[in-house]
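Worksheet for the structure shown next.
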Amino acid sequence: MRRHLLAAALIAGSVTVLAGTPAYAAPAAPVLSDLDTSVAGHVTGTVTGGPDAQSAWVCWSGCHINTGLTGAWWIPLDPSTHAATFDLPTWGYRDGAVSTVVCATAPSPGSNCSSGNASPAVYSDTLTATDVVPTITWPADTTIGTNPDGTTQQVSATLSDTGGGKLTVDWTYSEPDAGDHDLLTPVAHNGTTQLNLADGVGHLRLFRCNDYNSDPCTHYDVDSAQTTVDRESETLYLSSPAITSAVDPSHGSLPTNHQGAFQASWHVSADGQEIAGSTGAASGTIADDGSAAIDIPGAGLPEGYDLRVDGTISIDDPDFGPTTRPFTGSLTVDREGPAIEGLTVSRTSIHPTAIDALASFRTTTIAVHDDTQLDYQDKIAIHNASGVQVRVLEPEVDSWFDEHVVWDGRDEAGDVVPVGTYTVTSVDPLGNPSGLSRTVAVWHSNGILKTFTKKVTPAAAKVATVRGRCATLASPASRGWTGSIGYYANARCRSTSNGDDVASTVSAVTLPTAVRYRDLHVDTYGGASLKYRASAVIGYWNDAAGEWKAMHQIGGTVATHAGITVTATPYVDGHRTVHWLLGTAKFNRYDVKTFTVTARYYAWS
């Protein structure tokens, strides 16, 4: 209820000019006097015009209440005093003002005052209307429900009032899903009236309105206590998640807006037919949020997306009494996961916190293949060893048949998962996993850079020799070093063609197990044989290219000759072995005491 004060367009919207009426001069502005609101529901007074005024229009508070309400649009003025008294009702108003105009013509049935014959409007100051406050008795019960026999409880209000106008009770209430509402009941000034109520929570409020309009109205500060009404036997809706390979039973929730103990029973139907053996029952106590927990088992239920649950729930509410209501809901049963034909992981173990040099070990790429066509709603799920889902990933589609996604060993919150073995599956929107699965081990080791150094004699490291007919490989070499080899070209003849003068060995060392090899080099300690000036050539076997590379010459001074440092990975074969070749030709004679192999590599610890 809101009080509307209309703009006082006093005459403009109501005067008309009748054809054939004589013209008069507009009279002077009238005078309002003797204004009195001391009598409840009334304002009285006198309007006086000038000598040329014959009739008057008087109205109260924006002309909702005017002299026309007495049966005539205009009231006549006394011919001798040019005055008239008036009495207007003020029921429903707390304050207002009297306004008036006078007319140079006398009132007659169907006539009105033309604008040229009307005086200027005159307004009084704001007046305070006098009212009486009704006595009302609200219902003592503030929870309105159903009777034990199932009939709805009725609510009445009892009033005692000496005033006028119209009395109305407004049920101002809220519904959880529909917002705020008002429901009005006109009530007798004296006696008991049954009230119109709808389900909701709110207050009963009393208003007095004038007899002629619904607004304005006076609201009395006699509101009822907060009242809850719950009488309608509407169908309740059961919310229940799907029954899947991982979720059974379906843990349903039925909102009731009640409290107390409950008993429920139901059955499940498909295509309008009840499914045999699908009946169930539940009992318990309504939760604090007003919901009843109802578990629906999946045993015996067929696969389907449109199964229907129908049942009834009986609640013994300590405030509202016993009530029984029907409920319904829909249920999905889907136990089959994605029917894919391929699921692979690029790495079966990952280190999410690996150092930058080992960044490729931080992630694994998961690829999915479907021979028919992928379901683009499916996702990739990661579960720990306890079966708890830690991450769901949205794959990137590569084609109708293939998709992939990268997992970085982190959970939904972005935290690295604990060390352990994790299962990778494709899952449908309900969480059903594919028949295919893969495992990925997650480690927290970051990786470190290590250095391997090993000194060997040529005799101990030798795995092969290449010697021409004119060359000799002597052990020990001319300098007598233990385990040394002398590489002597043309020791037997002078031919330098067709490899006749070549004296060489192939040596090998096995490196430690590594996550990745970084670089390596082979240093040589040796020099020209006694009484000779000579040099030698050394190079490494590039296993990836299948040829000797990094060939370089070392001088004749007896010393440590540094080898060329190369990126290790191509030079380490599948057995973690590094091979190198050292040799001479063309009359060179060279003694080697030791080789020192140095390799840097990454390991997890």
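Count the sequence shown with our numbering and you get residues 160 to 764, in order.
Here a beta-carbon is modelled for each residue, glycine too, at the ideal position from N, C-alpha and C.
Since we're looking at a predicted model, the values are computed, not measured.
Query	Result
Scan the region 590–677 and note each continuous alpha helix (DSSP H) run of 4 residues or more that stays entirely inside, going in chain order.	617–620
According to DSSP, is Asp507 part of a helix, a strand, or is it coil?	Position check: residue 507 holds Thr in this sequence, whereas Asp was assumed. Coil.
The beta strand (DSSP E) that contains Pro186, what's its start and end?	Neither: Pro186 is in no beta strand (DSSP E) and is coded neither H nor E.
Taking the continuous beta strand (DSSP E) assigned at Glu562, which residues delimit it?	Asp561 to Trp566
Tell me whether Pro248 sits in a helix, a strand or coil according to DSSP, three-state version.	strand
For Thr327, which option in Ala347, Asp380 and Ser489 has the closest C-alpha, if you only look at C-alpha atoms?	Ala347
How about Val260: is its C-beta nearer than 8 Å to some C-beta of chain C?	Looking at the structure shown, chain C is missing, and only one protein chain is on hand.
Do Ser283 and Leu194 count as a contact pair if the criterion is CB distance below 8 Å?	yes
What do you get for Lys752, buried or exposed, if any count of 16 or more other CB atoms within 10 angstroms of its CB means buried?	buried
Are the region 358–366 and the region 241–249 in contact at 8 Å, needing three or more beta carbon pairs?	no
Among Leu632, Ala762 and Gly642, whose alpha-carbon lies nearest the alpha-carbon of Thr743?	Leu632
Cα separation between Val737 and Val551?	44 Å
Just mark Ser319 as buried or exposed, buried being the case when its beta carbon has 16 or more other beta carbons within 10 Å.	exposed
Where do the N-terminal and C-terminal ends of the beta strand (DSSP E) with Cys222 fall, by residue?	Cys222 -> no beta strand (DSSP E), and no H or E assigned at all.
Can you grab the Cα-Cα spacing for the pair Gly263 / Gly324, in whole Å?	Checking the sequence, you will find Ala at residue 263 rather than Gly. Straight-line Cα distance between these residues: approximately 34 Å.
Which one of Leu679, Phe486, Tyr760 and Thr584 has the shortest CA to CA distance from Leu395?	Phe486
Using 8 Å as the threshold, is the C-beta distance between Gly496 and Gly436 below it?	no
Please classify Gly501 as buried or exposed, where buried requires at least 16 other C-beta atoms within 10 Å of its C-beta.	exposed
Mind pulling the beta strand (DSSP E) runs of 3 or more residues that sit fully within the region 671–725?	675–687, 695–701, 706–713 and 718–720
For Pro414, which of helix, strand or coil comes out of DSSP?	strand
From this set, Leu354, Tyr464, Ile445 and Ala667, which residue's C-alpha is nearest Asp475's C-alpha?	Ile445
Select from Ser409, Tyr535 and Thr582 the residue whose C-alpha is nearest the C-alpha of Ser545.	Thr582
If you follow the beta strand (DSSP E) that Ser404 is part of, which residue opens it and which one closes it?	Ser404 -> no beta strand (DSSP E), and no H or E assigned at all.
Among His711, Ala718 and Val717, which has the Cα closest to the Cα of Leu740?	His711
Could you compute how far the alpha carbon of Gly639 sits from the alpha carbon of Ser688?	10 Å
Spell out the partners DSSP gives Leu318 in its beta bridges.	Ile295 and Gly350
In three-state terms, what does DSSP make of Ser383?	coil
Give every residue of the same chain whose Cβ lies closer than 7 Å to the Cβ of Ile723, excluding the five residues on either side of it in the sequence, and list them in chain order.	His680, Ala709 and His711
So, using beta-carbon positions, are Thr377 and Gly251 closer together than 8 Å?	yes
Using the C-alpha atoms, what's the distance from Thr716 back to Val661?	21 Å
So what does DSSP say about Pro588, is it helix, strand or coil?	coil
Three or more C-beta pairs closer than 8 Å, one from the region 650–666 and one from the region 569–585: is that the case here?	no
Let me confirm a value: Thr598 is counted as buried when at least 16 other C-beta atoms fall within 10 Å, else exposed. Which label applies?	exposed
Is there contact here, the region 440–455 with the region 406–416, by at least three beta-carbon pairs under 8 Å?	yes
Give me the DSSP bridge partner(s) of Tyr282.	Ser258
For Leu236, does the three-state DSSP call read helix, strand or coil?	coil
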